[in-house]
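From first to last, the protein sequence lines stand for chains A and B. To convert, count from 1 in the first sequence and add 121; that's our numbering. To convert, count from 1 in the second sequence and add 510; that's our numbering. All C-beta atoms, glycine included, are put in the ideal place defined by N, C-alpha and C. Because the structure is a prediction, the values reported are computed rather than measured. These notes concern the structure reproduced below.
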Amino acid sequence: MLKLEARPQPSPAWTYGSPLLALLVTVLIGVLLFVALGKDPVAGLRVFFWDPIKSPYALGELTVKATPLLLIALGLAVCFRSNVWNIGAEGQYVLGAIAASGVALMADKGSSSWIVLPVLLAGVLGGMFWAGITAWLRDRFNANEILVSLMLVYVAVMLLSFIVSGPWKDPQGYNFPQSRTFDAATRIPRLFAGSRVSIGIFIALAGVACVWVFLFRTRAGFAQQVGGLAPAAARYAGFSSRRALWVALLVSGGMAGLAGALEVAGPIGQLTPYVPAGYGFAAIIVAYVGRLHPVGMVLSAVLMSMFYIGGELAQSRLGMPRSLTGVFQGLLLFTLLACDTLVNYRLRWAK
Amino acid sequence: MTTPRLQLTGITKRYPGVVANSDVNLAVQPGQVHAVLGENGAGKSTLMKVIYGAVKPDSGSVLFNGQPAHIRNPQEARALGISMVFQHFSLFDTITVAENVWLGLSKSLSLTAVTQSIATKAAEYGLDIDPSRPVHTLSVGEMQRVEIIRALLTNPQLLILDEPTSVLTPQAVEKLFVVLKKLASEGCSILYISHKLHEIRELCTACTVLRGGRVTGVCNPAEESNASLSRLMIGAEPPQLTHRAQQPGAPVLEVRGLSLPRADQFGVDLLGLDLQVRAGEVVGLAGVSGNGQKELLYALSGEDMRAPAGAIRIAGTDAGALHPGARRKLGLHFVPEERLGRGAVPTLGLAHNLLLTRQEAISHPRWGGGWIRVRALEQQAAGIIARFNVKAGGPRAVARSLSGGNLQKFIVGREIDAAPKLFIVSQPTWGVDVGAAAQIRGEILALRDAGCAVLVVSEELDELFELSDRLHVMARGRLSPSIAVADATVEQIGEWMSGLWQGEAHAQA
């Protein structure tokens, strides 16, 4: 019988090596998958790992998708490090998008392009509000934040579909359930003509720096993480667990809401039922593959973005189902968990 | 010469990174009370688990009554006639004594038959217990009796006891020894695991000493002195402490009529506690654990902020509702009983663990925030590591990589280094090896001599008598009047540990 035996000292090198090994194993399984489906594995790998980076345009698209993933994952990392299990970032993202749209729809021809700031701020507040519901229920009634945050995703999606098919429906929209296209003034400034990359990427990278400083260089960030690592030690030190709960959920909700605002006021340009694209859930994988470390999450966000684009290309070029994206994302998380287990434990054959 | 009841030859057990037992030989004769003596981590527990079938040795042989025995699990051990009483009891709180015992026996017996046999065994050995009582109403000593009766019902030829006296009052220890001597006189062999030298010298007729997984001596403890046993166990004699006479100063901690209902179901209500600790004195708090010490310490440290106004004053300030950080500002520093997970974060480095209670390396501290100056923090940690002689891989070594004793030295060092006005420490040397324990006790006395008020909570009476100026005893959520150590005897404190001080206090008043 195979047994797992704890390693006395997990190898520090493999702690960082394990995401790379997990990626390698994911690719190998992917090759087997392509062969089993009767497709050329080289062509399959190309659409996932080469086409998304081969041209400036492709790189731009990669960035467009990586930006929301990174933003949401940064907030989630703060949450998960505090032992607060917010898995409802998707809902907070949707609420951010709705709130941002509310401000964006107020703009008209005469609006200054500074309106972008209130649009983004509304997104942040929307996400914070949605996560705040979870925090309040947990704080007041000790409700399980995993269930509450997840359930609120579905409430958010319902709210979105009510809004776009009712109050905010575009009267000239041929009865499609969507808002009118936002005024040009509200559009998030783009970096280059011909590419969809916006200043959102700089906001995300600034977020990386802020989260790093918060987690590793401030006492508040330290207190936040002690609550996750050893709750009794946090109590002994006098760090408030309520404060940690609220900070974790408001930060992650705000980041998810910001991502939602950047998305509706950026690439999408209107509020549609297609706003929830699964970024909130994919960001959970981004956070873990990136080791909950701000810099690690930059790399994992790019990787997950490749899977998104690869899935679309596999559909259009190779005639494969688009759900391959989900398969690859799931495989990556699964192999990462397996590799992490082997970093901390060794396999022993025991009679 | 008779066949030994149990003979171990060349037992070796390796765990990843550590050899728990290396070529251990052990022979127990019928009717012998055989001590296994060693410090924490010397390999005693592993050896017992080998005998009890819970751990398979890498090499070596086990002979039971001269026959080779391959014990694969505790059931087989019990079938052979080996029983074990663990340090931590495995009893269900909500059901009765008889039902608990019944659970571990074969299904063919009826509950009435089990009740009957418990009563018989109890009467035979003077183990006074009522089989129909629910377990949660029992004291710790009574729970241990249940465990011993449960072991005796299998009619063992070899009984293993793991640190059985760590939870008992001195009187209960005496009673236990009577039972064990009677058992041995009937031919049952007893393996007695302990690190308390005087107990072993009183009870045991043979002793195997372990150090670092190896046997360092086999002797008759009755013929040895504490010093010679200690040399075998740690390779050195523990240094003697000097307790200077000193006039205590103003009160730093004042507890007046502190009553608190329990915070959780299995806690203890605190009932009208009065306690005063003055500058320059050590007050010891004796008592069997689970009598309210934990609850009192939570209320003193600020981890429990429900204390009524005026009940707890630190350095003259009403502190009952202050959080731990605010009490630290008043000069209170506290070392909790649990090191990993409460006193230190297991997965963080030693330097970062300073931030739990120290703020010297924080710049611009306000609103509980501020910037961490990493280099200053690591220098501070390095200073404590050097000053308190902590064996660690530097300021970045994670807390859980340290041995229990070294981590305790670091945590005690972290709090003492803050130059507290009031120092509260719980079980300062629990699970700490003899050398480190002596060092920690020395540091506590040095702190007292420097004018700090010290409150020590401990289950080890020897330690309290060595350190304290005055003693209180805690029993069932109440606190005894204080008694000067010079006037106290172990017997009296032992009686007080059962809550029997009320009449006496009146007599003194």
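At the 7 angstroms Cβ level, is Arg338 of chain A part of the contact set with chain B, yes or no? yes
Taking its Cβ as the centre, do 16 or more other Cβ atoms sit within 10 Å of Ser992 of chain B, making it buried, or is it exposed? buried
Cys331 of chain A, enclosing beta strand (DSSP E) - first and last residue: Here Cys331 of chain A belongs to no beta strand (DSSP E); instead the alpha helix (DSSP H) covers 321 to 338.
If you count every other CB in all the chains shown that lies within 10 Å of the CB of His982 of chain B, and 16 or more means buried, which is it? buried
Which bits of chain B does Val332 of chain A rub up against, with CB to CB less than 9 angstroms? Going along chain B, no residue has its Cβ under 9 angstroms from Val332 of chain A, so there is no contact; the nearest lies around 15 angstroms.
To which residues of the same chain is Gln293 of chain A closer than 8 angstroms at the C-beta, ignoring the five residues directly before and after it? Arg301
What residues from the stretch 343 to 377 of chain A come within 9 angstroms of chain B, judged by C-beta to C-beta, listed N to C? Phe343, Ala344, Gln346, Val347, Leu350, Ala351, Pro352, Ala353, Ala354, Ala355, Arg356, Tyr357, Ala358, Gly359, Phe360, Ser361, Arg364
Can you tell me whether DSSP reads Glu870 of chain B as helix, strand or coil? coil
If you draw a straight line from the C-alpha of Phe975 of chain B to the C-alpha of Val607 of chain B, how long is it? 36 angstroms
Please name the residue, chosen from A:Arg356, A:Gly440, A:Phe297, A:Phe335, that lies closest to Gly879 of chain B on a Cα-to-Cα basis. A:Phe335
In this structure, does DSSP put Ala1019 of chain B in helix, strand or coil? Confidence in Ala1019 of chain B is poor, its pLDDT being 40 and thus under 50, which makes the residue's placement unreliable; the coordinate value appears in the next sentence. Of the three classes helix, strand and coil, the one that applies to Ala1019 of chain B here is coil, per DSSP.
Quick one: what's got a C-beta closer than 8 angstroms to Val416 of chain A's C-beta in the same chain, skipping five residues either side? Val329, Trp333
Could you have a look at Glu969 of chain B and say whether DSSP puts it in helix, strand or coil? coil
Could you pull the start and end residues of the alpha helix (DSSP H) that Val908 of chain B belongs to? Run containing Val908 of chain B: none; DSSP gives neither H nor E here.
Cys962 of chain B: buried (16+ other C-beta within 10 angstroms of its C-beta) or exposed? buried
Take Ala909 of chain B as the anchor and find which of B:Gly952, B:Val650, B:Thr522, B:Arg849 has the nearest alpha-carbon. B:Arg849
Can you tell me the Cα-Cα spacing of Glu810 of chain B and Ile822 of chain B, whole angstroms? Correcting the residue identity first, residue 810 of chain B is Leu in this sequence and not Glu. Rounded to whole angstroms, Leu810 of chain B to Ile822 of chain B spans 7 angstroms at the Cα level.
Any 3 or more C-beta pairs closer than 8 angstroms across the stretch 174 to 192 of chain A and the stretch 523 to 530 of chain B: no
Looking at chain B, is there any beta carbon in it that lies within less than 7 angstroms of the beta carbon of Ala477 of chain A? Outside the shown range of chain A (122 to 472) lies residue 477 of chain A, about which nothing can therefore be said.
Cα separation between Leu125 of chain A and Tyr466 of chain A? 6 angstroms
Does the stretch 139 to 152 of chain A come close enough to the stretch 452 to 467 of chain A to have 3 or more Cβ pairs within less than 8 angstroms? yes
Short of 7 angstroms in beta carbon distance, which residues of its chain neighbour Gly138 of chain A, apart from the five on each side in sequence? Order them along the chain. none
Applying a beta-carbon distance threshold of less than 9 angstroms, which residues of chain A neighbour Ile926 of chain B? Neighbours of Ile926 of chain B on chain A: none; closest Cβ ~17 angstroms, over 9 angstroms.
Count the other C-beta atoms from every protein chain shown that fall within 10 angstroms of the C-beta of Asn899 of chain B, then say buried if there are 16 or more, exposed otherwise. exposed
What residues from chain A crowd round His833 of chain B, counting only those whose CB sits closer than 9 angstroms? Gly359, Ser361
Chain-ordered residues of the stretch 876 to 888 of chain B with a beta carbon less than 7 angstroms from chain A: Gly878, Gly879, Gly880, Trp881, Ile882
Reference Val410 of chain A, options A:Arg128, A:Thr136, A:Met122, closest by Cα: A:Thr136
Along chain A, in chain order, which residues have C-beta atoms closer than 8 angstroms to that of Leu866 of chain B? Val347, Ala354, Tyr357, Ala358
Just the chain A side, please: which residues come within less than 8 angstroms of Gly851 of chain B by C-beta, in chain order? Ala351, Ala353, Ala354
Continuous alpha helix (DSSP H) stretch holding Leu933 of chain B: start and end: Position check: residue 933 of chain B holds Phe in this sequence, whereas Leu was assumed. Run containing Phe933 of chain B: none in the alpha helix (DSSP H); it sits in the beta strand (DSSP E), 932 to 936.
Buried or exposed by the 16-neighbour rule on C-beta atoms within 10 Å, applied to Trp235 of chain A: exposed
Where Ile872 of chain B meets chain A, residues with beta-carbon distance less than 7 angstroms: Arg340
Against chain A, does Val855 of chain B count as a neighbour if the rule is that its beta carbon must be under 7 angstroms from one of theirs? yes
Determine the extent of the beta strand (DSSP E) in which Gly570 of chain B is found, giving its start and end residues. 569 to 574
Looking only at C-alpha atoms, which of B:Val534, B:Arg515, B:Leu516, B:Gln517 sits nearest to Arg524 of chain B? B:Val534
Identify, in the order they occur along the chain, each residue of the same chain with its Cβ nearer than 7 angstroms to the Cβ of Met1007 of chain B, setting aside the five sequence neighbours on each side. Thr679, Ala796, Gly797, Val798, Val983, Ala985
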